[in-house]
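Residues in the first sequence are numbered from 2 upward in steps of one, following this note's numbering. In what follows, a structure is listed as structure tokens, so that the remarks can point back to it.
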Amino acid sequence: MSKLQAIRGTRDILPEESTDWQTVEETAREILQQAAYREIRTPIFEQTELFERGIGEATDVVGKEMYTFVDRGDRSITLRPEGTAGVVRSYIEHNLYAAGGVQRLWYLGPMFRYERPQAGRQRQFHQIGVEVLGTDDPRADAEVIAIATDIFKTLGLKNLHLAINSVGRGDDRETYRQALVEYFTPYKDDLDKDSQDRLTRNPLRILDSKDPKTGEIAKNAPSILDYLSDDSKRHFDRVCALLSQLGIAYELTPTLVRGLDYYTHTAFEIQSDDLGSQATVCGGGRYDGLVEQLGGKPTAAVGWAIGLERLIYLLQQLGKTSDRALDFYLVSRGDRAESTAVLLAQQLRRTGFSVEMDLSGSAFGKQFKRADRSGAAACLVLGDAEAEAGTVNLKWLKTGEQETWTRSDLLAKADELREKLR
RNA sequence: GCGGGCGUAGCCAAGAGGUUAAGGCAGUGGAUUGUGGUUCCACCAUUCGUGGGUUCGAGUCCCAUCGUCCGCCCCA
């Protein structure tokens with residue numbers, strides 16, 4: 002098998018689908034811009050160390066999912082598995098904290114994780130994300146969540162729910178972790194195999210095990226909410242109160258833990274019922290320790306990332322896909338007409354119309370067939386007779402009605418024409 | 001990394017050891033040398049992901065390999 006094809010876990014976004022991507026990107030951009038977020042573009046690869054230090058060496062993302070290679074200068078390079086680390090690196094490197102109190106940033110681009118592809122999971126996938134750096138105000142947590150729900154709402158998505166939790170400060174979590182180990186250890190033999198491993202590796206993960214027996218045991222496990230420090234609790238209560246005030250429904254989910262080490266306090270996920278096994282479309286939370294951990298000044302921050310493949314999949318499930326918009330399909334035949342068509346197409350485009358010109362030179366019948374399939378609102382017909390007379394026939398593809406226009410009128414009355422094309 | 005399903009044309013798909021590999025959509029040409037969405041006709045897989053094996057005979061059975069899909073771990 003020597004056929005050239007896109008490598009495992011990557012895929013092409015073909016023109017038919019790219020319009021959906023554009024819709025999503027434009028919607029998100031507009032909402033983010035209204036909320037005074039500014040775009041940041043960071044490199045797709047970084048020093049491996051950035052992710053090891055930022056995400057945590059013990060996490061699966063760092064431990065087994067990174068695309069890491071040594072470049073020609075013997076540097077260890079990694080294709081970014083997520084966006085936050087790079088943004089924080091850039092924030093520190095360029096002293097963005099010096100530019101003023103709070104930085105509201107967003108980014109969009111491909112991420113890479115070496116995993117087995119399955120529904121809603123690829124090796125190259127895309128995220129749009131936001132980061133608010135430089136404040137621990139719970140209003141920032143609420144703002145960020147509100148923006149995410151706004152994007153989904155504007156796109157018309159349904160069946161989404163917001164799960165929220167607080168994982169506390171680092172030391173809260175450590176106490177809680179010990180409490181969990183204490184609780185689960187006596188049941189060790191009754192836990193599923195994965196959870197037995199998790200007991201040492203990541204006990205918090207046992208809580209959302211899919212194994213029914215483990216689930217039974219986990220029901221009576223201590224809740225993190227009982228281990229939060231006072232200020233952690235206060236922060237979390239405030240976030241929840243703000244969400245209620247904004248009319249954003251949420252589910253308190255004490256079992257929600259997120260995979261990356263840097264999260265503190267608020268952690269949340271927006272999940273869909275229609276997504277199969279990978280239900281999370283948006284995941285995020287607060288990471289007050291990360292900036293310092295990466296060598297910056299202590300800086301509080303919150304953010305999230307939306308998985309665009311998953312989001313677009315949901316959009317397509319709902320049939321909310323967009324067609325391309327084309328005003329004119331330009332048909333021509335005969336030497337003189339064909340060269341006139343080139344000029345006319347250019348003039349119409351400069352006037353603001355979208356025009357596709359038929360290049361086949363085949364019979365009018367064939368050209369009309371293609372006009373019909375092009376999805377254009379109208380067809381412009383140019384034969385040598387029209388070219389000579391300075392006219393063009395405009396045929397509405399829905400009704401079949403045809404009008405004769407002079408070429409100069411077509412351009413002069415562009416606004417009037419545009420109305421009719423809608 | 002582990003477990004399972006599936007690979008026949010650009011797409012969907014029949015075919016279950018026996019001479020020439022259905023059909024549909026899309027495409028191309030023609031009926032119609034200047035008017036589409038309907039119709040009709042023709043063309044469109046020397047070969048069934050790839051390699052090996054069993055057999056007189058393999059798309060069909062076996063092995064391997066690659067790809068793909070679904071699930072687990074984990075995550076967007």
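Every residue, glycine too, gets a C-beta built ideally from N, C-alpha and C. Predicted model only: the values in this text are computed from it and were never measured.
{"Check": "With distance defined between alpha-carbon atoms, name the residue in Ser-91, Glu-144, Thr-155 and Ala-377 nearest to Lys-321.", "Outcome": "Thr-155"}
{"Check": "Which word fits Ser-363, buried or exposed, when buried means at least 16 other C-beta atoms lie within 10 angstroms of its C-beta?", "Outcome": "exposed"}
{"Check": "Lys-321 by DSSP, collapsed to three states: which one?", "Outcome": "coil"}
{"Check": "When the Cα atoms are used, what is the spatial distance from Ala-415 to Arg-423?", "Outcome": "13 Å"}
{"Check": "For the beta strand (DSSP E) that contains Ser-196, what are its first and last residues?", "Outcome": "It is not in any beta strand (DSSP E) - Ser-196 instead sits in the alpha helix (DSSP H) that spans 194-202."}
{"Check": "Roughly how many angstroms separate the alpha carbons of Ile-78 and Gly-84, rounded to a whole number?", "Outcome": "15 Å"}
{"Check": "What's the C-alpha gap between Asp-75 and Asp-142?", "Outcome": "41 Å"}
{"Check": "Given Glu-252, which residues of its chain have a CB within under 8 Å of its CB, disregarding the five upstream and five downstream residues?", "Outcome": "His-162, Leu-163, Ala-164 and Ile-165"}
{"Check": "Can you give me the start and stop residues for the alpha helix (DSSP H) that Lys-234 sits inside?", "Outcome": "231-246"}
{"Check": "How is the alpha helix (DSSP H) around Asp-274 delimited, first residue to last?", "Outcome": "Here Asp-274 belongs to no alpha helix (DSSP H), and DSSP marks it neither H nor E."}
{"Check": "Looking at Ile-45 and Arg-81, is the spacing between their C-beta atoms short of 7 Å?", "Outcome": "yes"}
{"Check": "Please confirm whether any heavy atom of the ligand FMN lies closer than 6 Å to the CB of Thr-407.", "Outcome": "Because no ligand of any kind appears in the structure shown, any question about the ligand FMN cannot be addressed here."}
{"Check": "Restricting to Cα atoms, I'd like to know which of Val-382, Ser-278 and Glu-417 is closest to Glu-402.", "Outcome": "Val-382"}
{"Check": "Could you tell me whether the Cβ atoms of Ile-225 and Ala-29 are closer together than 7 Å?", "Outcome": "no"}
{"Check": "Determine the extent of the beta strand (DSSP E) in which Ile-165 is found, giving its start and end residues.", "Outcome": "161-167"}
{"Check": "If we ignore side chains and look at the alpha-carbon of each, how far apart do Gly-290 and Ala-37 end up?", "Outcome": "24 Å"}
{"Check": "By how many angstroms is the C-alpha of Arg-9 removed from the C-alpha of Met-2?", "Outcome": "Because the pLDDT of Met-2 is 37, which lies under 50, any placement of that residue in the model is unreliable, and the number read from its coordinates should be weighed accordingly. Their backbone Cα atoms lie some 14 Å apart in a straight line."}
{"Check": "Beta-carbon within less than 6 Å of Arg-350's beta-carbon, same chain only, minus the 5 sequence neighbours each way: which residues are those?", "Outcome": "Val-356"}
{"Check": "Along the chain, where does the alpha helix (DSSP H) that runs through Glu-404 open and close?", "Outcome": "Glu-404 -> not in any alpha helix (DSSP H); beta strand (DSSP E) instead, spanning 403-407."}
{"Check": "Assuming Arg-334 is part of the beta strand (DSSP E), what are its boundary residues?", "Outcome": "327-334"}
{"Check": "Between Tyr-115, Ala-149, Gln-179 and Lys-159, which has its C-alpha nearest Glu-31's C-alpha?", "Outcome": "Ala-149"}
{"Check": "Could you round the C-beta distance between Thr-11 and Arg-124 to whole angstroms and report it? I think they count as a contact, below 8 Å.", "Outcome": "6 Å"}
{"Check": "Within 8 Å, do at least three Cβ pairs link the stretch 209-221 to the stretch 181-196?", "Outcome": "yes"}
{"Check": "For Ile-249, tell me which candidate among Gln-272, Ala-147 and Ala-180 has the shortest Cα-Cα distance.", "Outcome": "Ala-147"}
{"Check": "Nearest to Ser-361 by CA position, among Ala-377, Arg-334 and Arg-374, is which residue?", "Outcome": "Arg-334"}
{"Check": "Figure out for me which residue from Asn-203, Gly-296 and Gln-348 has the closest Cα to the Cα of Gly-87.", "Outcome": "Gly-296"}
{"Check": "Is Tyr-115 helix, strand or coil by DSSP?", "Outcome": "coil"}
{"Check": "Alpha carbon to alpha carbon, how far is Glu-58 from Leu-261?", "Outcome": "10 Å"}
{"Check": "Could you name each continuous alpha helix (DSSP H) segment of 4 residues or more that falls completely within the stretch 370-401, going from the start of the chain to the end?", "Outcome": "385-390"}
{"Check": "Between which two residues does the beta strand (DSSP E) containing Ser-91 stretch?", "Outcome": "Ser-91 -> not in any beta strand (DSSP E); alpha helix (DSSP H) instead, spanning 85-94."}
{"Check": "Apart from the five residues just before and just after Arg-239, which ones in its own chain have a Cβ nearer than 7 Å to its Cβ?", "Outcome": "Pro-139"}
{"Check": "Select from Ile-271, Leu-312 and Ala-242 the residue whose C-alpha is nearest the C-alpha of Gly-284.", "Outcome": "Ile-271"}
{"Check": "Identify whether Phe-153 lies in helix, strand or coil by the three-state DSSP scheme.", "Outcome": "helix"}
{"Check": "Do the stretch 116-134 and the stretch 300-318 meet, that is, are 3 or more Cβ pairs less than 8 Å apart?", "Outcome": "yes"}
{"Check": "Between the Cα of Val-343 and those of Leu-109, Leu-331, Phe-354 and Arg-259, spot the shortest distance and give me the residue it belongs to.", "Outcome": "Leu-331"}
{"Check": "By the three-class DSSP mapping on this structure, what secondary structure does Ser-77 have?", "Outcome": "strand"}
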